[in-house]
Amino acid sequence: MREYTFYCEVVTPLFMGGSKPKNLELRSQSFNGLFRYWFRIGGGGDLEDEKRIFGLGGNNARKGLVQIIVVEESSAELKKGFYYLSNFLERSGRENSFFPPGQQFKLIFRFSPLATEDDIKKFFCSVWLAVNLGNFGARSRRGFGSVKITKIEGADSIFDFLQFTPQPSLKDWFNNNLNVIKSTLFSKERECIPCLFNNSVEIYYLKKDNLENSYNKWVAKIYENRKSNKYIPNLKTSDFHLDNPLKALSFMGCLLMGFRSYYLPDYENLISAIRNPTFAANKGIIIERAVFGLPLTFRIGESNYFVNAYDNKKDTNNKKDTNSRRASPLWFKILSNSLNSVECLFVVMKSDFLPNNMEINLKIQQNKIKCLTNNWNAIDTFINTLKSYGIIDNI
0 MREYTFYCEV VTPLFMGGSK PKNLELRSQS FNGLFRYWFR IGGGGDLEDE KRIFGLGGNN
60 ARKGLVQIIV VEESSAELKK GFYYLSNFLE RSGRENSFFP PGQQFKLIFR FSPLATEDDI
120 KKFFCSVWLA VNLGNFGARS RRGFGSVKIT KIEGADSIFD FLQFTPQPSL KDWFNNNLNV
180 IKSTLFSKER ECIPCLFNNS VEIYYLKKDN LENSYNKWVA KIYENRKSNK YIPNLKTSDF
240 HLDNPLKALS FMGCLLMGFR SYYLPDYENL ISAIRNPTFA ANKGIIIERA VFGLPLTFRI
300 GESNYFVNAY DNKKDTNNKK DTNSRRASPL WFKILSNSLN SVECLFVVMK SDFLPNNMEI
360 NLKIQQNKIK CLTNNWNAID TFINTLKSYG IIDNI
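Every letter in the sequence shown is one number past the one before it in numbering that gives the first Met the number 0, and letter 261, counting from 1, is 260.
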């Protein structure tokens, strides 16, 4: 049995727990699920490979070729100082709400004797993708739960075919590793699942040179015709020195918040629907921001308006909630490289946003108003404006 130990460190706050929400737990099932997801994104199109490596549930359940063991490094004594300074968290019942940056743990991978070298390499490809493009736990698509690998130990060095630690030459490091992953893992695309090696996945990095000037020009452009810019943060020069992960993630949040606030045509369409909901119910409206994820809440005056995805085949008179969440195709990723410098990624993964049995609706009074997203226009505009003002560029 071949065993490998990956030493890991939390980069951005990690929200992961078990059946009880307040109980933090690094769950092997959660890690296995994310590795499996990225196996598919990487084009591991052979379903038999997936079943063999990761296992199969249901009536024909069988174990996979790898056992994942999570070992949390205890920092209980050190945390006493943090709890002393932040006793308000304990009073509010949130003292254990997340694993903080710097938290260390180990992922131990034990492979069955039946696992071939090819199986092990394919699994490590999915681990590389999950760690360097994805995040773990709740709010993972918004940059929380980023983890870095600090050291790897094993019976052999089969894992050396990939560089798990980001290097200062980010683009070269990414492209070199992605080429190796493509030759090792890629088989074919999965239906309705974005694939890293076609046009459905786009990766961009934040350009930190001249960032303040680029940001100010971008803000001026996107707010040319909008009603208000009150949600644009008033950033100081020091805010553009992204020298730690939380500061970098906060800046990415400022970009998204600024772009989405009073976004056109959504804001004007919503105001029009509020004034004449019957007309809007007959014609429908466009809410482009819906592609950033659902449900979506608008605050107009003293009222909240909700845009949700609904199963149009369910009985609308049924008292059970038929709302359905739709995950955002936009991922934020914070990397910490070998020099402990911070890098920011925007990953766009496009697939079918809604299955055929679902539609997007806005409810105003007794009117259910159908909403269209204009395809991916909102996300494309977000990315393209950031590119055109030199804030991001392609990997």
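Every residue, glycine too, gets a C-beta built ideally from N, C-alpha and C.
Give every residue of the same chain whose Cβ lies closer than 7 Å to the Cβ of residue i, excluding the five residues on either side of it in the sequence, and list them in chain order.
i	result
Ile-273	Ile-299, Ile-363
Ala-289	Leu-295, Val-306, Ile-359, Cys-370, Thr-372
Gly-292	Arg-325, Ala-326, Ser-327
Lys-386	Asp-392
Met-395	A question about residue 395 goes unanswered here, because the residues of the chain that appear run from 0 up to 394.
Asp-48	Lys-121
Trp-127	Leu-161, Phe-163, Asn-176, Ile-180
Lys-150	Tyr-6
Phe-258	Ile-221, Phe-381
Asn-134	Gly-142, Phe-143, Gly-144, Ser-145, Lys-332
Trp-172	Gln-162, Pro-165, Gln-166
Lys-318	Note on Lys-318: pLDDT 49, under 50, position unreliable in the model; no value is reported.
Within its chain, find whatever has a CB closer than 6 Å to the CB of residue i; leave out the 5 residues flanking it on each side and keep chain order.
i	result
Arg-1	Phe-110, Ala-154
Leu-210	Phe-239
Glu-152	Thr-4
Ala-114	Leu-64
Arg-140	Ser-327, Trp-330
Phe-87	Since pLDDT at Phe-87 reaches only 49, below the 50 mark, its modelled position is unreliable, and no value is offered.
Phe-30	Ile-67
Pro-276	Ile-363, Gln-364, Asn-366
Phe-158	Phe-123, Ile-151
Going by alpha carbons, who is nearest to residue i out of the options?
i	options	result
Met-15	Asp-48, Ser-96, Gly-56, Phe-34	Ser-96
Met-256	Asp-392, Ile-221, Asp-242, Ile-286	Ile-221
Pro-338	Leu-169, Trp-37, Gln-28, Phe-160	A small correction: the amino acid at residue 338 is Leu; Pro does not occupy that position in the sequence shown. The residue with the shortest Cα to Cα distance from Leu-338 is Leu-169.
Ser-186	Thr-115, Gly-17, Asn-243, Asp-45	Asp-45
Ser-335	Ile-286, Lys-216, Asn-131	Asn-131
Ile-368	Asn-59, Thr-4, Asn-268	Asn-268
Ser-145	Ala-129, Phe-250, Ser-323, Phe-173	Ala-129
Thr-236	Phe-258, Asn-215, Glu-223, Pro-244	Asn-215
Ala-247	Ser-271, Trp-217, Ile-151, Lys-207	Lys-207
Phe-34	Met-251, Ile-52, Asn-243, Asn-224	Ile-52
Tyr-388	Leu-254, Ile-284, Trp-217, Asn-176	Trp-217
Gln-166	Asn-176, Ile-157, Phe-158	Asn-176
Ser-260	Glu-301, Glu-287, Leu-245, Pro-276	Glu-287
Thr-409	Leu-234, Ala-219, Asp-171	Outside the shown range of the chain (0 to 394) lies residue 409, about which nothing can therefore be said.
Lys-226	Ile-270, Pro-244, Trp-172, Asn-376	Ile-270
Ile-285	Phe-158, Asn-376, Asn-58	Asn-376
Going by the beta-carbon positions, is the gap between residue i and residue j smaller than 8 Å?
i	j	result
Val-346	Ile-382	no
Leu-184	Asp-118	no
Phe-123	Leu-161	yes
Gly-136	Lys-332	no
Leu-25	Glu-72	no
Ile-68	Ile-202	no
Ser-350	Ser-125	no
Pro-12	Phe-108	no
Asp-379	Tyr-204	no
Tyr-304	Ser-323	no
Ile-148	Gly-41	no
Asn-374	Asn-311	no
Arg-56	Lys-62	In the sequence as displayed, the identity of residue 56 is Gly instead of Arg. Their beta carbons are not under 8 Å apart, which means Gly-56 does not touch Lys-62 by this criterion.
Val-341	Asp-265	no
Met-224	Leu-263	Correcting the residue identity first, residue 224 is Asn in this sequence and not Met. In contact: Asn-224 and Leu-263 (Cβ atoms closer than 8 Å).
Ile-390	Ser-182	no
Arg-189	Arg-39	yes
When the cut-off is 8 Å and only beta carbons count, does residue i lie next to chain B?
i	result
Lys-150	Structure shown: chain B not included; a single protein chain is present.
Leaving aside the five residues before and after residue i along the sequence, list all residues of the same chain whose C-beta is less than 8 Å from its C-beta, in chain order.
i	result
Asn-174	Ile-394
Leu-353	Ala-308, Arg-325, Ile-359
Asp-320	Because the pLDDT of Asp-320 is 48, which lies under 50, any placement of that residue in the model is unreliable, and the question is left without a value.
Trp-244	Sequence check: residue 244 is Pro here, not Trp. These residues qualify, in order along the chain: Val-10, Thr-11, Pro-100, Ser-145, Ile-333, Ser-335, Val-341.
Pro-112	Met-0
request  = Could you pull out every unbroken beta strand (DSSP E) segment of at least 3 residues lying fully inside the stretch 21-71, listed in chain order?
outcome  = Along the stretch 21-71, the beta strand (DSSP E) occurs as fully enclosed runs of 3 or more residues at 65-71, listed in sequence order.
ask   = Do the stretch 95-105 and the stretch 0-9 touch if we need at least three Cβ pairs shorter than 8 Å?
value = These segments touch.
message = Check whether the stretch 190-200 and the stretch 226-243 touch, using three or more Cβ-Cβ pairs below 8 Å as the test.
response = Contact between the stretch 190-200 and the stretch 226-243 is absent, because fewer than three Cβ pairs lie under 8 Å.
query = Does the stretch 277-295 come within contact of the stretch 361-375, defined as at least 3 CB pairs closer than 8 Å?
reply = Short answer: they touch.
task = Could I get the ranges of all uninterrupted beta strand (DSSP E) runs contained in the stretch 185-265, with 3 residues as the minimum, in chain order?
result = If only uninterrupted beta strand (DSSP E) runs of at least 3 residues are considered, those enclosed by the stretch 185-265 are 200-205.
ask   = Which runs of the beta strand (DSSP E), 3 residues or longer, sit entirely within the stretch 313-386?
value = Fully enclosed beta strand (DSSP E) runs of 3 or longer: 329-335, 341-348, 357-363, 366-371.
message = Extract the residue ranges of the beta strand (DSSP E) inside the stretch 122-190, only unbroken runs of 3 or more that lie entirely within it.
response = Taking only runs of at least 3 residues, the beta strand (DSSP E) segments lying wholly in the stretch 122-190 are 146-153.
query = Mind pulling the beta strand (DSSP E) runs of 3 or more residues that sit fully within the stretch 263-316?
reply = Note on the stretch 263-316: whole beta strand (DSSP E) runs with a minimum of 3 residues are 295-299, 302-310, in chain order.
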